[in-house]
Amino acid sequence: MKLKNKDLSVRDVLELGNTDHIVGKMRVRELLESVPGVGKIRAASLMEKLGISLTRRIQGLGTHQMVSLMREFPMPSTSMRRGKLIVLSGPGGVGKSTIAEKLRSRNNFYVSVSATTRDPRPNEREGIDYFFLSQEEFSKRISNDEFLEWAEFAGALYGTPRAGVEKSLSEGHDVLLEIEIAGAKQVKAHSSEAILVFLQPPSWEHLVSRLEARGTDTPERRAQRLALAQEEIAASGDFDLVLVNDEVDNVVSQLVSLTA
Ligand code: 5GP
């Protein structure tokens with residue numbers, strides 16, 4: 006049996022060996038030698054390391070040996086594909102969080118939780134909406150290079166913790182960052198693989214009424230956010246893609262199609 010020309014992984018063959026008598030009779034050594042990039046020498050040294058005799062057949066493997074072998078060969082889905090990094094920006098109130106939540110719950114995206122120095126809003130939870138940090142703690146994390154990007158927005162600091170994003174991408178998970186424009190540009194400057202998407206409101210009036218309905222900001226803060234929104238919309242030309250948020254499910258499916 007050759008793995009090279011089949012879609013079977015080492016795990017598949019080991020599992021099959023429990024039920025299929027012919028596969029069970031196969032020597033472990035032959036199986037390992039058939040794995041692309043392993044070969045005779047690596048197969049022998051791996052077996053020695055795991056305490057498996059060179060003549061052992063799949064059906065003769067002990068549970069412990071089986072588990073250690075499976076650990077040596079992770080699932081193809083986690084070892085072969087690198088996840089896609091999508092950065093979603095757009096003015097506050099345009100509906101980014103609703104889209105992020107759908108991608109997280111329905112499409113299995115890793116949605117990064119940012120750190121910020123602003124105060125929590127009444128409905129926000131620590132570690133779910135944001136990590137709320139003091140100015141001092143935020144500065145410490147900047148010095149330790151713990152942020153993939155960070156920026157100042159409307160008088161507060163916001164940053165994307167680097168570790169979770171990098172781990173998820175390398176494990177093959179698609180990642181969504183919901184951040185403002187300056188941060189989005191920093192991400193693109195460091196990783197050209199990132200896809201920058203700008204979310205536009207269907208109209209300016211629509212955005213104003215969404216921010217007013219929110220009711221969590223003071224009038225000054227709201228005016229500041231609207232001025233920022235105008236600047237952001239003007240900068241949308243730097244993005245790879247501009248989507249109009251007229252229909253949430255439509256935007257979600259366009260974002261999912263970017264990961265194919
Ligand atoms: P809000 O205070 O309304 O939650 O967020 C204000 C702005 O900061 C939004 O445009 C949001 O996308 C952005 N933001 C949230 N987290 C981050 C982050 O980690 N980095 C950057 N650069 N912007 C962020």
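In terms of the working numbering, the sequence shown is residues 6 to 265.
For every residue, glycine included, the Cβ atom is placed at its ideal position computed from N, Cα and C.
Of all C-beta pairs linking the segment 236-248 to the segment 196-206, three or more are shorter than 8 Å, placing the two stretches in contact. For the segment 155-181, the full-length beta strand (DSSP E) segments reaching 3 residues or more read 161-166 along the chain.
In this chain, the alpha helix (DSSP H) harbouring Leu-260 covers 253-262. At least one heavy atom of ligand 1 lies closer than 6 Å to the C-beta of Ile-184. In the three-state DSSP reduction, Ile-200 falls in the strand class (E or B). Here Pro-207 is exposed. Its C-beta has fewer than 16 other C-beta atoms within 10 Å. Per DSSP, the continuous alpha helix (DSSP H) segment holding Leu-231 begins and ends at 224-239.
Residue side-chain check: Ala-156 places its Cβ nearer than 6 Å to a non-hydrogen atom of ligand 1. Boundaries of the beta strand (DSSP E) harbouring Leu-246: 246-249, taken from the DSSP string. Around the beta carbon of Lys-193, a 10 Å sphere encloses 16 or more other beta carbons of the protein chains shown; the residue is thus reported as buried. Boundaries of the beta strand (DSSP E) harbouring Val-92: 90-94, taken from the DSSP string. Between ligand 1 and the CB of Thr-165, the shortest heavy atom gap is smaller than 6 Å.
Of all alpha-carbon atoms in Lys-54, Asp-134, Ala-105 and Arg-87, the one lying nearest the alpha-carbon of Leu-182 is that of Ala-105. Distances from the CB of Ser-119 to the heavy atoms of ligand 1 include at least one below 6 Å.
By the neighbour-count definition (other C-beta atoms within 10 Å, threshold 16), His-26 is an exposed residue. Here Leu-153 carries a strand assignment [DSSP, helix/strand/coil]. When DSSP states are grouped into helix, strand and coil, Val-18 belongs to the helix group. The residue among Ala-120, His-178, Asp-150 and Leu-66 with its C-alpha nearest the C-alpha of Arg-86 is His-178.
Within 10 angstroms of the beta-carbon of Ser-175 lie fewer than 16 other beta-carbons, which makes it exposed.
The beta carbon of Phe-78 lies closer than 8 Å to those of Ser-14, Val-15, Arg-16 and Val-40 in the same chain, with the five residues before and after it left out.
Within the same chain, Cβ atoms closer than 6 Å to the Cβ of Leu-37 are found at Val-43 and Ala-48, the five residues on either side in sequence being excluded. Under the criterion of beta carbons closer than 8 Å, Thr-121 and Leu-162 qualify as touching, at roughly 7 Å.
Between the C-alpha atoms of Lys-172 and Asp-254 there is a straight-line separation of about 28 Å. Assignment of Ala-120 by DSSP, reduced to helix, strand and coil, places it in the strand class. For Ala-265, there is no enclosing alpha helix (DSSP H), as DSSP marks it with neither H nor E. Taking a C-beta distance under 7 Å as the contact criterion, Glu-35 and Ser-94 do not qualify as a contact pair.
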